[in-house]
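Numbering (my numbering), first residue to last: 8 to 226.
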């Protein structure tokens, strides 16, 4: 048994669990009212997905995935709760760009649009934020100072816990070759700079209305 999961399960209270975004298998079992071994078997069989803590065998399950599992399994979701109301249901967007002015404008536009937003100026900082923030979408500058946009995209796509994360590439110039390359890397859509903040908001909103598919560039 995952001792870390067992300890967390024995110490967590229901109201504390409902406020979390990442759960241990023990916590997930308490919420679903099943045994921890049942959760572990579902995780290992791929019915319940998540990720393992780096350097260990400990399993972790994101809130959205646990909610999906409960709904598809016919398990009442009341125990999962929604303690912070609408705030907890907001989509999380990570903006990655080394232009401070762009970050401020983009953050303002998306916050006004109802998104929860975090910003990073480098690929390194973006990597750290994906661990703690768990974005639903990433607005990604394709020409970062420390790493290429395609590299960041590939790293995100390699992570099972971010498999549903949408990626919007932003760049000042892109030709058909660039667009095909970014599509191969896993970017969902592209937006060409300069653009109005309202165009960015609309593009991010569109990301959650369509499945990942062919990249389309927008002026």
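Glycine included, C-beta positions come from ideal geometry on N, C-alpha and C.
According to the neighbour-count rule (16 or more other Cβ atoms, all chains shown, within 10 Å of its Cβ), is residue i buried or exposed?
i: residue 150; result: exposed
i: residue 43; result: buried
i: residue 100; result: buried
i: residue 137; result: buried
i: residue 72; result: buried
i: residue 50; result: buried
i: residue 36; result: buried
i: residue 81; result: exposed
i: residue 144; result: buried
i: residue 215; result: exposed
i: residue 91; result: Low local confidence applies: a pLDDT of 46 at residue 91 is under 50, so the model's placement there is unreliable, and no value is given.
Determine the direct distance from the alpha carbon of residue j to that of residue i, and round the result to whole angstroms.
i: residue 66; j: residue 201; result: 43 Å
i: residue 183; j: residue 177; result: 15 Å
i: residue 83; j: residue 185; result: 46 Å
i: residue 32; j: residue 161; result: 28 Å
i: residue 209; j: residue 53; result: 34 Å
i: residue 132; j: residue 87; result: 31 Å
i: residue 34; j: residue 57; result: 14 Å
i: residue 122; j: residue 211; result: 10 Å
i: residue 175; j: residue 97; result: 18 Å
i: residue 148; j: residue 85; result: 39 Å
i: residue 217; j: residue 171; result: Low confidence applies to residue 217: its pLDDT is 45, below 50, so where it sits in the model is not reliable, and the reading given next is rough at best. Taking the straight line from one Cα to the other gives about 12 Å.
i: residue 108; j: residue 41; result: 50 Å
i: residue 207; j: residue 165; result: 26 Å
i: residue 45; j: residue 179; result: 50 Å
i: residue 63; j: residue 205; result: 44 Å
Thinking residue i and residue j are a contact (beta carbons under 8 Å), I'd like their distance in whole angstroms, please.
i: residue 146; j: residue 130; result: No, residue 146 and residue 130 are not in contact; Cβ-Cβ is about 14 Å, not under 8 Å.
i: residue 105; j: residue 152; result: 5 Å
i: residue 135; j: residue 124; result: 16 Å between Cβ atoms; not a contact.
i: residue 28; j: residue 69; result: 7 Å
i: residue 126; j: residue 110; result: 5 Å
i: residue 199; j: residue 188; result: Not confirmed; about 15 Å, so no contact.
i: residue 157; j: residue 192; result: 4 Å
Residue i bridges to which residues according to DSSP?
i: residue 101; result: 125, 145
i: residue 7; result: Given that the chain is displayed from residue 8 to residue 226, the structure contains no residue 7 and the question cannot be resolved.
i: residue 58; result: 67
i: residue 177; result: 148, 198
i: residue 139; result: Paired residues: none, contrary to the question.
i: residue 228; result: Residue 228 cannot be examined here, being either before or after the span of the chain that is shown, 8 to 226.
Going by Cα to Cα distance, which pick from the options is closest to residue i?
i: residue 196; options: 204, 205, 180, 173; result: 173
i: residue 167; options: 36, 38, 47, 55; result: 55
i: residue 79; options: 115, 39, 59, 107; result: 39
i: residue 203; options: 115, 45, 46; result: 115
i: residue 76; options: 119, 213, 47; result: 47
i: residue 139; options: 179, 169, 205, 214; result: 169
i: residue 213; options: 120, 163, 190, 159; result: 120
Nearest chain C C-beta to residue i closer than 8 Å, yes or no?
i: residue 117; result: The displayed structure is made up of one protein chain only, and chain C is not part of it.
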